[in-house]
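Chains as they are written, first to last, in my numbering: chain L, 1 to 160; chain A, 1001 to 1076.
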Amino acid sequence: MSDEKKLAIIATKGTLDWAYPPFILASTAAAIGYEAQIFFTFYGLQLLKKDMNLKVSPLGNPGMPMPMGMDKWFPTLGTALPGMESVMSGMMKSKMKSKGVASVAELRDLCLEADVKLIACQMTVDLFDMDPDDFIDGIDYAGATTFFEFAGESDVNLFI
Amino acid sequence: MTDYTEKFDATGLNCPLPILRSKKVLSKMGSGDVLYVISTDSGSVKDFDAFCKQTGNELLESSEAEGKYHYYIRKA
Chain L
1 MSDEKKLAII ATKGTLDWAY PPFILASTAA AIGYEAQIFF TFYGLQLLKK DMNLKVSPLG
61 NPGMPMPMGM DKWFPTLGTA LPGMESVMSG MMKSKMKSKG VASVAELRDL CLEADVKLIA
121 CQMTVDLFDM DPDDFIDGID YAGATTFFEF AGESDVNLFI
Chain A
1001 MTDYTEKFDA TGLNCPLPIL RSKKVLSKMG SGDVLYVIST DSGSVKDFDA FCKQTGNELL
1061 ESSEAEGKYH YYIRKA
């Protein structure tokens, strides 16, 4: 076993907001010398798509800050209107850009550059009939047992 | 003002980019070289401190002037 610290993450969510924690933590860990691995399962697999097109939904999310204090007065049902999700996602992306927050794709590239191992859950790929051609290159396909091989000797394990 | 080997301007970048990009620049530098980083991210003060503690690089100087943060890091 090496002296290198290890970080293992399970990424289960496929929305714009939840795409950040796994990639931020893994890339930062790699920068401070950790060996890092992310296991993507269920909706987390969206984060491995070449064309991510991630969205964030205000629906059922009272904690999401909205422009013009809309989170205070805008009716919850209104957030279910067609197109609201795209509008909110677009606003969130432009806000992130204006504040100098990296895009998800950029953080993912930084992870790949830093040799963070990205693993797609084979079971989920089969379950949803996902096409491996839709995923980026350089990832592995494996199951829970493979995750434990690394997680079992990791210093930090996160479920996101 | 401390002498430096390379300068990296991280103005406008937010967490974790100042650290990640600085690390990238550092990896191309030699042992003992000094990297000068400028950042506008207030969270980077604690982050650069923690980065250096965990990587063994030496934080020679960390200061703030007119809304900008200045770091001098000597590569281990």
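For each residue, glycine too, the CB sits at the ideal point set by N, CA and C.
(request) Could you list which residues in chain L have their beta carbon closer than 7 Å to that of A:Phe1051, in chain order? (result) Going along chain L in sequence order, the residues near A:Phe1051 (Cβ under 7 Å) are Ile32.
(message) Suppose you measure from the CA of A:Pro1018 to the CA of L:Met66; what does that come to, to the nearest Å?
(response) 27 Å
(message) Between which two residues does the alpha helix (DSSP H) holding L:Ile160 run?
(response) In the DSSP assignment, L:Ile160 falls outside any alpha helix (DSSP H) and carries neither an H nor an E.
(request) Measure the Cβ-Cβ separation of A:Asn1057 and A:Leu1013 and say whether it is below 8 Å. (result) Contact: no.
(message) Mapping the DSSP letters down to three states, classify L:Ser98 as helix, strand or coil.
(response) helix
(message) Could you tell me the alpha carbon to alpha carbon distance between L:Ala29 and L:Ser86, rounded to whole angstroms?
(response) 32 Å
(message) Restricting to Cα atoms, I'd like to know which of L:Met91, L:Asn157 and L:Asp131 is closest to L:Lys50.
(response) L:Asp131
(request) Determine contact between the stretch 1032-1051 of chain A and the stretch 44-63 of chain L, defined as no fewer than three beta-carbon pairs at a distance below 8 Å. (result) no
(message) I'd like to confirm the pairing. Which residues does DSSP put opposite L:Cys121 in its beta bridges?
(response) L:Ala142
(message) Applying the 10 Å Cβ sphere with the 16-neighbour rule, what's the burial state of L:Ser243?
(response) This structure cannot speak to residue 243 of chain L, because chain L is shown only from 1 to 160.
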